[in-house]
Structures are given as structure tokens and as C-alpha cells.
Amino acid sequence: MRLREVLGVLSKSSPYAVSTENKYTEPHNPLDQIKMDLYVTMPIEHKVDEVITLLNSAPRQVFFLRGSSGDGKSELLVQSKKKACEHVRFHFDATHSFDPHENAVQTLDKLFDEFEQGEFSLVVGINVGMLGNYEQEGRNTLFKSAIKAYQHNKTQMAGFTFVNFEDYPKFQITPNGIQADFARKILARITSANSLLFKTFQQESANQLDADSLRLVINYRLLCLAEVQDVIVELLFKARLVRDQFLTARGLLDFVYQLLTGAGYLFDNLFSGGDNELADKLVEFDPALLRTKAIDRFLMAADLKLENEQFDAFCTEVTEKYGLPHLSNPKSYIRLFYILKNSELAANFPQQFQHDFAQRLLKDYLDVYRLHVFYEDTPACREKLKVFYNKQLISALRLYINRNAPQLSNKQFLVAQLDTYKIAAQLDLKPEIVAIKANSVVKQHAFVAQLKVGDEVLAIEININLFELLERINAGYRPSKNDRSAVILLNEVASKIALIARESSELLISSESAQYKFSLDDDYIEAEEL
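Structure representation (C-alpha cells):
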């Protein structure tokens, strides 16, 4: 078999992309073997095994495995059925109807009615959207009540168990780094020297190859490099944080298929988009779009065909090591430098771009995230938190709220504007360390800042997009419609601060020529011109 045919197992259009009950009926089929080689045990499986054990010993239980399309529900349930007793019935995909005259909701109605009339336990693989659809459109009141209790309150009714893929994230921020076991294990399985896929690669690379097959071999060879896999995982994590992109088993396998079999070399395919959600999200992280002195200088020199011995030595080395020929597009070299940025090469030409490729925003965000989520009650930790709150969060909020009244002082916040008059309040904003210490809410895509505004405490959820916007505002940036999602979060915070400010016992009203202070003293209002 040829390498391209074998890699087809990874594609989302492959019949191997979704597991069904009769899968692996041909144990001697090489493609079945490759599919089995790629299987990675997920943390959620231990919980599913616990539930199946419960169902085996306690009939008339219901188990919903909830997730997104392509996250591996069917694969997991196919494996689970092998461990289940005969009285446990499986419905692998709740989005399907097996009768052309019924829709998926009607099929579930039938299934749930049969459960109530029978003596079996029921396992249902169901998408997030379909669970909501049944709550709205379903007929069975018992199941609707159970679904509603879980969807809105995370409450599990007696006899019902819900396990959600979202509760087992593919990425986790730890005190020491990023944990991405699932993605790393998938990549390790695809490139394992013991796999049939790798052996097919070896056979293919030993032959006289046409241009298409040679590119495929080079791409696979690059993917086998641990340092290249590190870069890919880093990009996938960034897509999760910045674009809220979930990682599913099917999506990741298809993404790797696109990297290997796309029209270009792996480093170009990584940023070229295509018919894959993950690939589309990475386009904006293309290092060739960076405008830095070192990158611009390299691109200009390449266009002018200026000689560079160090670069020539690098090209010779990657040709000898990976079989990579001369590249016609200088931007392709920037992408190559990027995926090899952690490689140890004799002619380490990419080293000069390390600063340009550094993920400063990501590093700064993770540093502040860890200060909140893994709070340590030490002077150093408290000092770092105060720097973030005073120099970044509070400073940006003041600049944003007072953008139409720049003359206001540090502790004054604009409340309203009437014609040429501006109404402001004196407010004291500072970090609420006690609330940060007590916070138990942990999210993978955001941290919760605790800001004391006057006598009230605001809990502010900050994701990486809002974090970046705060930095840009402090640098003089005025938010625009392009910052829509982050601005919505910012406006919510600004509105809450304004509501608190309006309750202040002291207001400042200013025009172009004068400023007045109004103070509430018992039942009297005192006015003073400043």
C-alpha cells in the first residue's frame, strides 16, 4: 500500500473517521490495524468505565455521554459496549433517525418510551445541540426533566448520569506549563516507529518517488520531529485560547491529514487553512505575516538574491537531513524557521528569529493566569498581582471609561455626559486579594480577576483576547468594531463600575470652563466650585 492511501485513514471523509458497531470485522485489513494503532485512551474513559460498571449491576439506569461532533463519543461507546452486560442497550448517535419518516427527536421519543416500559439500562451518545433540541421538542416528560436539570443546573436526577466531554479538557494550564497529553499522544501514535503507518513511510521513502510522493515523505519526516510536534501543539493551544477552538479526535486527525497531504510542504500547509476548522484558525498565526526588522530584512535579501553563507549552510543541512529541496517562496522559509525554532542544527540560522517568534502575549497571559488560579500567599505573589491590577487592569479601565474625558484624574471615573457637561465620581479601585485567595472557579480559557470598587467586589472573567485589549488600551489604542468580543466584555465591566460610581456620595460636574463638586451630607447636598 502507498503512503497516501494509508494516511487516508486520518481524513474526516474516510469511512474510518466514525466508529460503528461492526468496525474491525476484518482484523487482517491493514487500514483497520492503523485505525487501532491510532487509538488513544482519554481521561474521560475512566469515568465512562465506572458508569458502565454501575449499569451492569443496576438495571433501569440512563447514561448520556454528551459532547461535540467528532470528539470520539462513538469510538468510546463502541469500546464500552464490549464491557457491558446484555441488559445495557446502546444508542450511539442521537442525531440519527433510522426511519425515513421520523426525525432524530422522534427516534429518541420512541427509545425513551421503550426504556420506561422495559427492564434495560440505556446508553446514549448525544451532541450538545441535540440535547437542547430534545429539551425543547421532545415528548417524554421524564427525560425532558432530567435533561433540563442537567443543562441548567448541572443537577443529575436519580437514575440518570451525564458525562460531558467538556469536563475533560484536551489542554490544561498547570503551575509549570501546558499539559496537552491528548494531542501529544495522537501525534506520537501517528509517528510511532512501531506503527504500520511508519513502516509504510519507510517503504515509500526507499523507492524512486515522483514529486507528490516525495513531498508526502518529507512532510511525514518533519512531523516525526519532537520539536515540530511541540510547535504544532503550541499553535493548537493558542487557537483554543484566542479563538475558543475545541479540539476533537476526528478534527485533530483530519488536521494532521491536511498537514501531510496538502498541496505544499508541512510548514506551508500549517498556515494555509482549508477544509478543517483547526487549520482555518491557525491562518492568523502565520509567522510570515509578522513585520519585524529581522524578518523583513531576510525577505528583502531573499528577493534581491543576496548571498548569505550561513543561510546557504542551513539550506544544505535541511536538504541532507530531511530531503527538503530549495524553496521558491521566501515566506516558506520563514514558516520553516518557525517550525524548526526549537531544533538543534549545526547551521542554526533560525536562531536569529527567536525573539520575533516568541509568544510574549501568551507568556504574559499565562503568568497572570497562574497568579490567580494557583495563588500563593506570599509577598512576591501579592506584589505581582498588584502590578497587573494597577498597571494593566485598572489603568486600562480608567482610560477606556474616561476616553471622552481625559482631563479626569486617576481616581475619577466618568459616569455620564450631558451636552458639554461631564459627570464623574471619585472611586478607589484595587485588587481584592482575599477574594482571589478564596476563588475556587477554575476555567481553562480564562481567569477570574477580583476587583474591589469602592465597597463592592467585581469578579471579572478575563480571557486572552480581553487581556491583549487591556495591554493595547494602555499603549494608546482606541478599541474598534474589530475587537467586538473583547469589547463586549470590557463594556460589561465598565457598566458595572458606572453603576457603583452613581451611588457615590460625591459627584464632580465639569464643563470646558468650570468644575463643581456636589457632596451628599445626610439629607443635604453641598456644592463647591473647584
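So for the sequence shown, the numbering used here puts the first residue at 198; every next one is plus one. We put the beta carbon where it would ideally sit given N, CA and C, even for glycine.
Sheet register partners of residue i (DSSP bridge)
i	result
F260	V320 and T358
G374	T371
Y535	Its beta-bridge partners do not exist; DSSP assigns none.
K649	K627 and V654
F468	F468 is not bridged to any residue.
N660	A643
H288	V321
D718	Y721
Y713	I706 and E726
Cβ distance (whole Å) where residue i is taken to contact residue j below 8 Å
i	j	result
L457	N416	5 Å
F362	G267	In fact, because the Cβ distance is near 10 Å, the residues do not count as touching under 8 Å.
Q369	Q641	6 Å
K583	P628	6 Å
L626	V650	6 Å
V453	N539	Not really, about 19 Å apart at Cβ, beyond 8 Å.
V430	R381	6 Å
V654	V570	Actually they are not in contact, since the Cβ atoms of V654 and V570 sit about 18 Å apart, beyond 8 Å.
Rounded separation between residue i and residue j - CA only
i	j	result
E723	S701	14 Å
V684	L667	10 Å
V631	Q647	9 Å
L305	S469	41 Å
Q623	L686	23 Å
A510	D680	43 Å
V515	N253	56 Å
K270	M239	11 Å
F508	Q549	11 Å
Q303	F261	17 Å
L537	P547	7 Å
E218	E481	Low confidence applies here, because E218 scores a pLDDT of 49, under 50, leaving its location unreliable and the question unanswered by this model.
P366	I241	9 Å
K307	G205	37 Å
E709	A602	11 Å
A698	L594	13 Å
E474	Q314	42 Å
A460	D234	26 Å
T358	H298	30 Å
R494	I531	12 Å
D407	T371	46 Å
T388	K693	52 Å
Same chain, Cβ closer than 8 Å to residue i, neighbours up to 5 away in sequence not counted
i	result
V203	P227, L228, I231, L393, L394 and T397
R579	I630
S342	M354
Q712	L705, I706, E726 and L727
V360	I241, K244, V245, V248, F260, F261, L262 and R263
Test item: CB-CB of residue i and residue j under 9 Å
i	j	result
H288	L319	yes
F312	R286	yes
A695	I598	yes
G356	V425	no
A301	N330	yes
L496	L200	no
I633	D553	no
F585	L568	yes
L420	L487	no
Own chain partners of residue i with C-beta closer than 6 Å, once the 5 adjacent residues on each side are dropped
i	result
Y221	Note that Y221 scores a pLDDT of 44, beneath 50, so its modelled location is shaky; the value from the coordinates is reported in the next line. D229.
L449	I383
S716	E703 and E723
I661	L438, V439 and Y562
Cβ-based neighbour list, residue i, same chain, cut-off 7 Å, excluding 5 preceding and 5 following
i	result
L739	No answer is possible for residue 739: it lies beyond the span of the chain, which begins at 198 and ends at 727.
E665	L558
D720	none
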